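Each remark here refers to the structure printed beneath this line.
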Amino acid sequence: MTGPGLIPAPVAQLPWKIILLVFAIGAFGLVVLYSAASGSIDPWAKRQAITFFAFLTMAIIMSRFPESLWEKSAFPVYGGLVLLLILVELLGAVRGGAQRWLDLGVIRLQPSELMKPAIVLAMARFYALLPAGETRRFTAIWPAALLVGVPAGLVMLQPDLGTALMITFGGITIMFLAGIPLRLFIGGGLAVAIAIPIAFNTLLHDYQRKRVLIFLDPESDPLGAGYHISQSKIAIGSGGIFGKGFLHGTQSHLDYLPEGHTDFVFATMAEEWGLIGGCLLILAFFLVIRWGVNVGVRAQSRFSRLAAAGLATTIFFYVAINLAMVMGLAPVVGIPLPLVSYGGSAQLTIMLCLGMLMSIDRANRRASRW
Amino acid sequence: MNKPFKIVTEAAQPFTFSRRATVLGIGQGAVGLVLAGRMAWLSVAENQHYKLLSESNRVNMTLVPPRRGWIVDRHGAPIADNRTDFRVDIIPDRLEDKQHTLSLLTSVLALTADDLQRINTDLDRAAGFQPVQVEENLDWEHFAAVSVRIPEMPGVAPTRGFARNYPLGAAVAHLTGYVGSASAEQYEKEKDPLLVTPGFKLGKDGLEKALEDRLRGKPGAKRIEVTARGKLVRELATRPDTPGDTVRLTIDAGLQEYAARRLGTNSGSVVVLDVLTGDMLAMVSMPAYDPNSFSRGIGRMEWKMLSQDDHVPLMNKVLQGLYPPGSTVKPMHGLALLQNGIDPDQTVYCGGVMQVGRGRFHCWKRGGHGNINMHRAIPQSCDIYFFQMARQLGYDKFAPTAREMGLGAQYDLPFLSQYYGTVPDSQWKKKKYGKDWTVADSINASIGQGYLLVNPMQLAVMAARLSSGREIVPRILLDEPHRPAASLNLNPEHIKVIRRAMWAVVNGGGTGGAARMNIDGVDLAGKTGTAQVRRITMADRRAGRTGNASFPFHLRDHALFVGFAPADNPRYACSVVIEHGGHLIRNLDAPETASDVLSYMFDRERAIKRLHEAEATWGGDIATRMEAKRKAFMEAQNAPVPPPPKDVDDARSDVVERAASTDRSAATNAAATGSPEGGE
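These protein sequence lines are chains S and E, in that order.
The UniProt record's numbering applies: residue 1 is where the first sequence begins, and numbers increase by one.
The UniProt record's numbering applies: residue 1 is where the second sequence begins, and numbers increase by one.
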């Protein structure tokens, strides 16, 4: 991608492979949304296209920023988002009822969504600051646990189990990559296994508990709360290897599949494109994520290493949780499929991740050229 | 990273990171493979299962009511068939402007406020694509009028379906019954969606009800694609219906109709049996409702008129009417005497009255018959002869013969509601009333009064068995070839005596002279009967109130006739029961009716000519008279009529039960004490 001549250097230096891959996923998403609206660019495909290109442009611009910017802004952004989370909680308490966003007039800001990459940056920053010798000490753990616990707890109060889990997973991933002793993860895993039944009965709201129960046995209530999972599995299962063909999905077009353009967009896609379409999409995501992790591996600074691998893993969690959900392997937790599901918030988060990854990638390549 | 050195150095950190990043990458790859594997499992291994579920989501079946099986007579002529029915439904989902559409339909089809209210209720309850009935049984003009306005009224669907048709109308009402929409209870029980499909009807009475399983058939289906909210997307392939079986009856449709018409304005019944096979050639109960009109739905006026009629048109008198048989049992009782060793030439003196204890028993003939033997006692219907014999032998000696001749028996006929009557004896009375049998009981029973109660079907069976000496069992389904019935092993001499006596009733100066057929080579043999429904008190006697004309309809005597023809070589047997006939009008009396009905089998032209002559005196044929009656009834109504009961089935059996129980109690009242006026 460093061909001389006609193309100006800044453009030629862009990581075109990954931009094309992201563009391909996004374009395929637009095709699916076009079908989900029964072959119409309204109401979803057109608006999604606009936000997609806007955010992609934003990501490309971000790639020109120095990686040190992210390191410096990690804590301030994290702190600001925690304050916003508290604000959201207070507003919710005043107005009554659950609240997840702040209406800023122009846009609806969802701080919990932005917290997903922010926690990764903050954790990476923390471990970058931590002297290497402290890594296996307790000082390596309790501040990190606090960094993760505060936003995760606040999001849990909203209540938004999916996002809280993603924030926690993001934090733990960084801890793992930072070199925290393995036995802590093994012990932690055991502790969680014990804590889950307790948390299930005390921390979770009724509707969340119901979701988990229905996830375990969706057919028990096929017309009620298990309807989503049942219909989603029917859509994916009836698609077969080659799918029913573009615009020929019945589950989505006849409205049997709920949320077929947002959280369950993968089912809409799988019904029409079959196993082939599903595997290609999974492969594309895998390539993007692998690229992200490799950016981390190649990175020069400890912050960049941890941040890049962490951001890539954030994207991974989006994809994995969403796919597990629509295929009936995880409860319905409201995590959209990145770049494909209709909606701006998640797209913004993903593009922020990609933008920062590209920025770190750019720094890597400049370093290797030296 | 449990390496020997405890202190992690900055130099070691990148190595730790790349190792762990590799582990992370492998973990992510593994998750990716699990997800791809899960997807393959769903879409390949479970593909058939989910395809099926997806199809059953998408495709919704609308049932098409099956064409009901025909009911045909023994020659194949239709008794109940299906005619094209023009109907108009609304598909709620396609309806655009409900108010406009309904007002347009109201003006085109002249819908009433009642109709509109029902349609509105149905529309509110209907699922999106399930049709709601606007009107059925439309004539072509109205149907066409709706059809041409279809572009103005989206959602209105004129369709051609099938409706039940009974070509003989009221003449077969109690034979076939009628059809109607399923009740909520029936749907609860069967849970078959067909039952609530518009246009589907099931048997509500008679053969239609009893043979429902054979007549119903299997519904066809219209497959339509619908959305999750029930919105119709498009129609897919249609599966045709399987019509119900055709059921062939032993009935002769011509004879059935003739008998129904010949009953005229009477409340009565006619049964004609083939004396060799037991095939039921006619089974008529009149007056009757029009099954065509009942099958369309029962209007409030119609219901009120029919349920209040003292001629009980809602009752199948052949199987549900119980009557004292009166003198029609005398030939059978004669047979009982012969079987008990009584010499038919033995005489009894009839002085017109007989004293038993404190009771006085009269013969129908004031002055008495003088010395009389069995050969004369049956044709002359002498009561004293049978009184004397019953006093001498006791009725316990008669009862076995009565049962042998088919009285008191239950016949396995496809009619769900039947009454069987009683053949009384001392044991029966002891069990039922805890009282001993008296001589008066025997005397009453000997002339077919008292506790003896029969239905007209049993009377016909009695006539058939007496005439042929065979164990005739009535049958109505011509499913398999009928074999001649088994012999009763009666003494041929006895049969000869009884047959000759019954011949003499009609042709030998007996009481049934009016029934003479006047057809060369075919003589009718039979027996007349009168069944009292009231006691004639001494006060009545003193006031001269013994004639039926001086009593209101419901107190008049029943007129009965049993018979068979030809007398010398019996082929057909019949029973005729005229409720409260009182022998008042000659061409409406039982003997003449029986004679004409049986003559139809031998000289059709003559029978029809006699019918036309008689019908002229009654005010036309059945349909004409029913229409006139309906008009008169409507005009007489000034108060608003309440709607028919919700469950017409139940209410109808109530009406029948009430009529049947008044009959029975009247009969027992008349006989409870001594002093019956013996019937001729």
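The beta carbon of each residue, even a glycine, is placed where N, CA and C say it ideally should be.
No experiment lies behind these values; they were computed from the predicted model shown.
Practice task
Within its chain, find whatever has a CB closer than 6 Å to the CB of residue 294(E); leave out the 5 residues flanking it on each side and keep chain order.
Solution key: Taking residue 294(E) as the centre and dropping the five residues before and after it, the same chain places the C-beta of 178 closer than 6 Å to its C-beta, in chain order.
Exercise for the section: Determine the burial state of residue 42(S): buried for a count of at least 16 other Cβ atoms within 10 Å of its Cβ, exposed for fewer. Expected result: With fewer than 16 other Cβ atoms within 10 Å, it is exposed.
Problem - Check whether residue 36(S) and residue 296(S) have beta carbons under 8 Å apart - result: In this structure, residue 296(S) does not lie closer than 8 Å to residue 36(S) by Cβ.
Handout entry: C-alpha distance - residue 433(S) paired with residue 298(S), whole-angstrom precision
Key = In the structure displayed, chain S extends from 1 to 370; residue 433(S) sits before or after that span and is not available.
Exercise for the section: Tell me whether the beta-carbon of residue 67(S) lies closer than 8 Å to the beta-carbon of residue 359(S). Expected result: Using a Cβ distance threshold of 8 Å, residue 67(S) and residue 359(S) count as a contacting pair.
Practice task
In angstroms with no decimal places, state the Cα-to-Cα distance between residue 90(E) and residue 156(E).
Solution key: Cα-Cα distance, rounded: 5 Å.
Practice task
Quick one: residues in its chain with C-beta nearer than 6 Å to the C-beta of residue 514(E), no 5 flanking neighbours on either side, listed in chain order?
Solution key: Contacts found: 591 and 592.
Exercise for the section: Taking only beta-carbon positions, decide if residue 233(E) is within less than 8 Å of chain S. Expected result: So yes, residue 233(E) belongs to the interface.
Handout entry: Beta-carbon proximity check, residue 284(S) vs residue 239(S), cutoff 8 Å
Key = Cβ distance not < 8 Å, so residue 284(S) and residue 239(S) don't count as in contact.
Handout entry: Every unbroken beta strand (DSSP E) within the stretch 159-203 of chain E, with a cutoff of 3 residues, ordered by chain
Key = Not a single unbroken stretch of the beta strand (DSSP E) spanning 3 or more residues falls wholly within the stretch 159-203 of chain E.
Handout entry: Distance CB(residue 181(E))-CB(residue 201(E)) smaller than 8 Å
Key = Against a cut-off of 8 Å, the Cβ pair of residue 201(E) and residue 181(E) comes out as a contact.
Exercise for the section: Determine which residues of the stretch 312-329 of chain S have a Cβ less than 9 Å from any Cβ of chain E, and write them out in chain order. Expected result: Listed in sequence order: 312, 313, 316, 319, 320, 323, 324, 327, 328 and 329.
Practice task
Would you identify the three-state DSSP class for residue 558(E), choosing helix, strand or coil?
Solution key: In the structure shown, residue 558(E) adopts extended strand secondary structure according to DSSP, grouped into three states.
Exercise for the section: For chain S, find out if any of its Cβ atoms is closer than 8 Å to the Cβ of residue 4(E); answer yes or no. Expected result: Its pLDDT being 46, under 50, residue 4(E) is placed unreliably by the model, and the measurement read from it follows with that caveat. Not an interface residue.
Exercise for the section: Rank 257(S), 237(S) and 294(S) by C-alpha distance to the C-alpha of residue 275(S) and give the top, closest one. Expected result: Residue 237(S) is the option with its Cα nearest to residue 275(S).
Handout entry: Nearest-angstrom Cα separation, counted from residue 253(E) out to residue 487(E)
Key = Computed Cα separation, rounded: 29 Å.
Practice task
Counting only the same chain and skipping the five closest in sequence on each side, list residues whose C-beta sits under 6 Å from that of residue 603(E).
Solution key: Correct list, in chain order: 519.
Practice task
Determine the direct distance from the alpha carbon of residue 634(E) to that of residue 301(E), and round the result to whole angstroms.
Solution key: Cα to Cα, residue 301(E) sits roughly 7 Å from residue 634(E).
Handout entry: Separation of residue 502(E) from residue 568(E), as counted between CA atoms
Key = Cα to Cα, the separation comes out at about 11 Å.
Exercise for the section: Anything in chain E within Cβ reach of residue 141(S), meaning under 7 Å, just list it in chain order. Expected result: Neighbours of residue 141(S) on chain E: none; closest Cβ ~14 Å, over 7 Å.
Problem - Neighbourhood of residue 15(E) by C-beta, 6 Å cutoff - its chain only, sequence neighbours within 5 removed - result: For residue 15(E), where only same-chain residues beyond five positions count, there are no Cβ hits under 6 Å.
Exercise for the section: List the residues of chain B whose Cβ lies closer than 8 Å to the Cβ of residue 18(E), in chain order. Expected result: Of the protein chains in the structure, S and E, none is chain B.
Exercise for the section: Examine chain E for any beta-carbon lying closer than 8 Å to the beta-carbon of residue 150(S), and answer yes or no. Expected result: With 8 Å as the cut-off, residue 150(S) does not count as an interface residue toward chain E.
Handout entry: Euclidean distance between Cα positions of residue 622(E) and residue 332(E)
Key = Straight-line Cα distance between these residues: approximately 35 Å.
Practice task
Return the chain-ordered list of same chain residues with a C-beta closer than 6 Å to the C-beta of residue 345(E), the five sequence neighbours on each side being excluded.
Solution key: Cβ within range, chain order: 373.
Handout entry: residue 24(E) vs residue 135(S) beta-carbon contact at 8 Å
Key = No, the Cβ-Cβ distance between residue 24(E) and residue 135(S) is not below 8 Å.
Exercise for the section: Measure from the C-beta of residue 1(E) to each C-beta in chain S and report whether the shortest distance is under 8 Å. Expected result: A caution first: residue 1(E) carries a pLDDT of 45, below 50, which makes its placement in the model unreliable, though a value can still be read off. Any Cβ of chain S closer than 8 Å to the Cβ of residue 1(E) would place that residue at the interface, and such an atom is present.
Exercise for the section: Determine which residues share a DSSP beta bridge with residue 270(E) and list them. Expected result: In the DSSP secondary-structure assignment, residue 270(E) is bridged to 284(E) and 576(E).
Exercise for the section: Assign residue 55(E) to buried or exposed, taking buried as 16 or more other Cβ atoms, counted over all protein chains shown, within 10 Å of its Cβ. Expected result: That one is exposed.
Handout entry: Runs of alpha helix (DSSP H) lying entirely within the stretch 357-439 of chain E, each at least 4 residues, in chain order
Key = As far as the stretch 357-439 of chain E is concerned, its whole alpha helix (DSSP H) runs of at least 4 residues are 374-380, 383-393, 399-404 and 426-433.
Handout entry: Minimum Cβ-Cβ distance from residue 51(E) to chain S less than 8 Å
Key = At a cut-off of 8 Å between beta carbons, residue 51(E) contacts chain S.
Handout entry: Buried versus exposed call for residue 624(E) [16 or more other C-beta atoms within 10 Å across all chains shown]
Key = Burial check for residue 624(E): the Cβ neighbour count within 10 Å stays below 16, so the residue is exposed.
Practice task
Can you grab the Cα-Cα spacing for the pair residue 327(S) / residue 28(S), in whole Å?
Solution key: Cα to Cα, residue 327(S) sits roughly 20 Å from residue 28(S).
Exercise for the section: Note down, in chain order, every chain E residue with its Cβ under 8 Å from the Cβ of residue 240(S). Expected result: Within chain E, the residues whose beta carbon sits less than 8 Å from that of residue 240(S) are 43, 44, 47 and 51, listed in sequence order.
Practice task
State the CB to CB distance for the pair residue 216(E) and residue 118(E), rounded to an integer number of angstroms; the pair is presumed to be in contact (CB under 8 Å).
Solution key: The beta-carbon separation of residue 216(E) and residue 118(E), rounded to 25 Å, does not stay under the 8 Å limit for a contact.
Problem - Where residue 672(E) falls: helix, strand or coil (DSSP) - result: Because residue 672(E) carries a pLDDT of 37, less than 50, the predicted location of this residue cannot be relied on, and no value is offered for it.
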